[in-house]
Amino acid sequence: MAFIAWRYRDKKGRTAKYTPEWEHSTKLEVIWWGVPIVIIIILGIITARYTFALEPSKPLVSDQKPLTIQVTSLDWKWLFQYPEQGIATVNRVQFRAGVPIRFEVTADSPMNSFWIPQLGGQIYAMSGMAMTLYLQADEVGNYWGSGANFTGREFAKMSFDVESTTREAFDQWVSEIKTTAPKLTLEGYKRLAEPAASEVQTFSEFPEGLFEMTVTKYGASHNHGLSWKDIQTIKIQE
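Numbering of the sequence shown is given in the numbering used here, commencing with residue 103 and proceeding in unit increments.
In structure tokens form, the structure reads like this:
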């Protein structure tokens, strides 16, 4: 301030234009309004472009048919259902390398976040909603998955094994589960949903529409205790 006051002090012989009544400059207005507007427009275009490009529910470009896996966040474990194969697993997910995976994600517990960091970003698992996330492993390998949202006492144990395999290995894995694993009944699911950590489990069958029941029950009269029979009744009435 002292330098400016000294540098631009009035003194004899100055020829600078003196306009004490000056109050407007179109040129300056265009500069200090135009430049920020142009910057905001450019940033907006870039943001919108990459937001849509990285939208997690956007299908991946591939000549392979996506594999659908339904994911349910529980206290404190992950349930994976394979509707096309008819099997289910707990804390382990396996799929073919080079094939897009369509994860449908919900929660039958407090809000969580489904995350396989080596394959892509996370997506929230929320009760009453089915979120969609497309991921793909380009190579055969093992990965680590986890919940990325704090959900209570055993949150640290909410990790799961991820493996991408060849077509033959995946088909063999599915076949083995179908022939050796027990069935997941509705009563079994209710026990599974009770707050507790869990080891890896596999099931040769699961109740038809279990994932849809889990999503729907939180939207029907805000009743978190609806039974399978209640959901079936609601569907019939609709």
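Ideal Cβ placement from N, Cα and C applies to all residues, glycine included.
C-alpha of Thr316 to C-alpha of Glu296: approximately 14 Å in a straight line.
DSSP places Asp165 in the coil class of the three-state scheme, outside both helix and strand. A distance of 8 Å or more separates the beta carbons of Phe308 and Gln196. Beta bridge pairing from DSSP links Ala190 with Gln183 and Phe305. Put simply, the segment 237-252 touches the segment 261-276. At least three CB pairs are less than 8 Å apart. Going by DSSP, Met315 is part of the alpha helix (DSSP H) stretching over Leu312 to Thr318. Taking all protein chains in view, the Cβ of Glu206 is crowded by 16 or more other Cβ atoms within 10 Å, so the residue is classified as buried. For Glu270, the uninterrupted alpha helix (DSSP H) segment begins and ends at Arg269 to Thr282. The residue among Glu270, Ile171 and Ile133 with its C-alpha nearest the C-alpha of Pro202 is Ile171. By the CB criterion at 8 Å, Asn214 and Gly249 fall inside the cutoff. Tyr152 is classed as exposed because its beta carbon has fewer than 16 other beta carbons within 10 Å across all chains shown. Under the three-state reduction of DSSP output, Tyr236 falls in the strand class. Shortest Cα-Cα distance from Gly188 to any of Lys285, Tyr120, Gly290 and Ser300 involves Lys285. According to the DSSP assignment, Phe205 belongs to the beta strand (DSSP E) that extends over Ile203 to Ala209. A Cβ-Cβ separation of about 5 Å places Ser300 in contact with Val192 under the 8 Å criterion.
Within 10 angstroms of the beta-carbon of Lys167 lie fewer than 16 other beta-carbons, which makes it exposed. Rounded to the nearest whole angstrom, the C-alpha separation of Ala199 and Val276 is 15 Å. Around the C-beta of Ser164, fewer than 16 other C-beta atoms lie within 10 Å, and the residue is accordingly described as exposed.
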